[in-house]
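S.K.: Dropping a structure here in structure tokens format, bear with me for questions.
Residue numbers (UniProt numbering): 1 to 592.
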């Protein structure tokens, strides 16, 4: 059975050595001293390793069971879910007035990584609730907040988001689900939604569906879409589940991965729904969930890579095959562990250097979300909006690639189910697809985000990198291994952005054809910045004699590897971008 060890040491390092959260001016951060965060991460890690991880392979093998609209989750899931609820983990960062613990989003993200690594399919049940709660808190009425959110925080009720229909996915302007006003403030919701994660299950007494639908007579396209709360059971006068609503799960999707999560077809047959916010303003409310979900999916991508790497490393340390160059490392045995071989090292270093950089980027992004929300900081809001498609797209692409590299470490053993590596590959694959495919993320980045407000956020990012490099330019130990590669990569990103500005107006296809490469170029620069920040922190720790010396030396060696072996990919992406649309569009459609 695969192993899972919570990376609490690395998380504590990021929180306190790199991000220095205790000294932050963000409200709520001052109380986050190492003992406090260590206690939270320790308890969450124990739950992840001892309760959730053992259910990952068994849940994948068993899957969910559908019988005439009723869905049963795999054995052990209900008990595990009850333990999650009892610990208050679902409402970790929710406001105290609705029963939450009001922890920063950063802490919720750290806990979420461990839960996802341990059992991604399981974590999706409460993960979807988090987005639904956020949307209701941001856009719902006081009565809706009081009726639904406390029960969702407690975990007795769960939530979903219903967007996709059989005829439309990304282009939500094509949805056909109708919402007929009933004269009493409610609406009759009729239509079919597909690919609804956790749309039906046996973990909670009620499921609160947030459904996009069209009110007759409204504007065409996305301007005519509204958002509705459509509960499985309508709340009675006391706020408890009352009569069954006119909705049902019509079946489960048979999927490549995340078998233990119920991905449902949901049929609404005049179901009673309640408008969230204003009529025809549903997209605004839905994007509260979508943006949060996209950041969470980026986390899922690298979290699956993280657990895959742990298992690949353990295999490489134990598997005997061949001899090391020079003296054998295991002279008394028949062969050396495969970890001695340079190509296996290269494989594992590709994994490790990406994963630790991805964790740093995600935590840094979560800190920006806290600054934006807790301090109403428009600059932080603009920066995380710019980086959201990068975090979602780059981290899931590379996270999936990492699971494949981890599987490759095993050789033929990795292709068998007994090793567990193939499940990580299958589960990670969905992260590149849902909450907007990564192609859509790149189009959003280039077509919308980099030019918002005259490119103010992008210019702020460039200034941030430039300022960081200037602050540390006197440090010769950092210059060659970190700062010089970071400045070169940042110049590649600036050159790509200038190409888009020069070509975008006269030939938009030139920009769009390079959007995917731009997303990856941006992602590499972000990880280069993160590794440079970690290098500063680890050098300072070594100079002060703070923390385990081997940990910080390993951190510096891993960072140098990323800067030398991975960051130069920015030049390749820039060359592709500059080739424009002609090579992409040259082939006639009939000749594909």
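Note that beta-carbon positions come from the ideal geometry of N, C-alpha and C, so glycine has one too.
What would DSSP say about residue 178, mapped onto helix, strand or coil?
M.R.: Here residue 178 sits in strand by DSSP.
S.K.: So, for residue 219: in the same chain, excluding its five sequence neighbours on each side, which residues have a beta-carbon less than 8 Å away from its beta-carbon?
M.R.: Closer than 8 Å at the Cβ level, and outside the excluded window around residue 219, lie 280.
S.K.: Between the alpha carbons of residue 531 and residue 482, how many angstroms are there, rounded?
M.R.: Roughly 8 Å between the two C-alpha positions.
S.K.: Measure the C-alpha to C-alpha separation of residue 265 and residue 541 and round it to an integer number of angstroms.
M.R.: Each residue's alpha carbon lies about 53 Å from the other.
S.K.: What residue from 39, 22, 38 has the CA that sits closest to residue 31's CA?
M.R.: When each option's Cα is compared against that of residue 31, the closest is 22.
S.K.: Hey, residue 160 and residue 127 are a contact pair by Cβ (cut 8 Å); roughly how many whole angstroms apart?
M.R.: The Cβ separation is near 11 Å, so there is no contact.
S.K.: Given a threshold of 16 other Cβ atoms within 10 Å of its Cβ, counted over all protein chains shown, does residue 223 qualify as buried or as exposed?
M.R.: Label assigned to residue 223: exposed.
S.K.: Please look up how many angstroms separate the CB atoms of residue 389 and residue 304, rounded, as I've assumed it's under 8 Å.
M.R.: Rounded, the Cβ-Cβ distance is 19 Å, inconsistent with contact.
S.K.: In or out: residue 599 buried (at least 16 other Cβ within 10 Å) or exposed?
M.R.: Nothing about residue 599 can be reported from this structure: the residues present for the chain run from 1 to 592 only.
S.K.: Rounding to the nearest angstrom, what Cα-Cα distance links residue 391 and residue 436 in this structure?
M.R.: Spanning the two alpha carbons is a distance of roughly 13 Å.
S.K.: Give me the residue from 529, 424, 116 with the minimum Cα distance to residue 256.
M.R.: It is 424.
S.K.: Quickly, what does DSSP pair residue 255 with across the bridge? List them, please.
M.R.: Answer by DSSP bridge pairing: none, since residue 255 is not bridged.
S.K.: Any heavy atom of the ligand MN closer than 7 Å to the CB of residue 128?
M.R.: With respect to the ligand MN, the structure shown offers nothing to examine, as it has no ligands at all.
S.K.: State the beta-bridge partners of residue 187 as determined by DSSP.
M.R.: Answer is 181, 273.
S.K.: Applying the 10 Å Cβ sphere with the 16-neighbour rule, what's the burial state of residue 471?
M.R.: Flag for residue 471 reads exposed.
S.K.: Is it right to say residue 510 is buried, meaning 16 or more other beta carbons lie within 10 angstroms of its own, or is it exposed?
M.R.: Residue 510 is buried by the Cβ-count criterion.
S.K.: Looking at the secondary structure, which residues open and close the alpha helix (DSSP H) in which residue 379 lies?
M.R.: Here the alpha helix (DSSP H) through residue 379 covers 378-409.
S.K.: From residue 40 to residue 455, what distance separates their C-alpha atoms?
M.R.: So the two alpha carbons sit approximately 39 Å from each other.
S.K.: Between which two residues does the beta strand (DSSP E) holding residue 431 run?
M.R.: Unbroken run through residue 431: none, as it is neither H nor E.
S.K.: Rounding to the nearest angstrom, what Cα-Cα distance links residue 344 and residue 338 in this structure?
M.R.: If you take the alpha carbons of residue 344 and residue 338, they lie about 7 Å apart.
S.K.: Would you call residue 573 buried or exposed, if buried means 16 or more other Cβ atoms sit within 10 Å of its Cβ?
M.R.: Burial call: buried.
S.K.: Does DSSP put residue 109 in a helix, in a strand, or in coil?
M.R.: DSSP places residue 109 in helix when its eight states are reduced to three.
S.K.: In whole angstroms, what is the alpha-carbon distance linking residue 136 and residue 145?
M.R.: Each residue's Cα considered, the two are about 6 Å apart.
S.K.: Distance, Cα to Cα, residue 396 vs residue 373?
M.R.: Each residue's alpha carbon lies about 25 Å from the other.
S.K.: Can you tell me where the alpha helix (DSSP H) with residue 214 in it begins and where it stops?
M.R.: Residue 214 -> not in any alpha helix (DSSP H); beta strand (DSSP E) instead, spanning 206-214.
S.K.: Tell me the rounded alpha-carbon separation between residue 464 and residue 453.
M.R.: For residue 464 and residue 453, the distance between alpha carbons rounds to 18 Å.
S.K.: Does residue 248 come out as helix, strand or coil in the three-state DSSP assignment?
M.R.: Looking at residue 248 - three-state DSSP - the assignment turns out to be strand.
S.K.: Between the C-alpha atoms of residue 445 and residue 282, what's the straight-line distance to the nearest angstrom?
M.R.: Taking the straight line joining both Cα atoms gives about 22 Å.
S.K.: Find the nearest neighbour of residue 115 within the set 234, 484, 300, 363, judged by alpha-carbon distance.
M.R.: Comparing Cα-Cα distances from residue 115 to each of 234, 484, 300, 363, the minimum goes to 300.
S.K.: Quick check on the burial criterion: 16 or more other C-beta atoms within 10 angstroms. Buried or exposed for residue 329?
M.R.: With fewer than 16 Cβ atoms within 10 Å of its Cβ, residue 329 is classed as exposed.
S.K.: Quick one: any contact between the segment 522-539 and the segment 547-557, if contact means 3 or more CB pairs under 8 Å?
M.R.: Because the criterion of three Cβ pairs below 8 Å is met, the segment 522-539 and the segment 547-557 touch.
S.K.: Taking 8 Å as the cut-off, does the segment 306-323 touch the segment 260-275 (at least 3 CB pairs, one atom from each stretch)?
M.R.: No: the two stretches stay apart, fewer than three of their Cβ pairs being nearer than 8 Å.
S.K.: Could you say if the segment 35-50 and the segment 58-75 meet the contact criterion of at least three C-beta pairs nearer than 8 Å?
M.R.: Short answer: they don't touch.
S.K.: Spatial neighbours of residue 298 within its chain, please: C-beta separation below 7 Å, excluding the five flanking residues on both sides.
M.R.: The answer, listed in chain order, is 362, 391, 392, 395, 396.
S.K.: Once DSSP output is grouped into helix, strand and coil, what is the label at residue 573?
M.R.: Residue 573 falls in the helix class under three-state DSSP.
S.K.: Contact between the segment 232-251 and the segment 166-174: three or more CB pairs below 8 Å?
M.R.: The segment 232-251 is not in contact with the segment 166-174.
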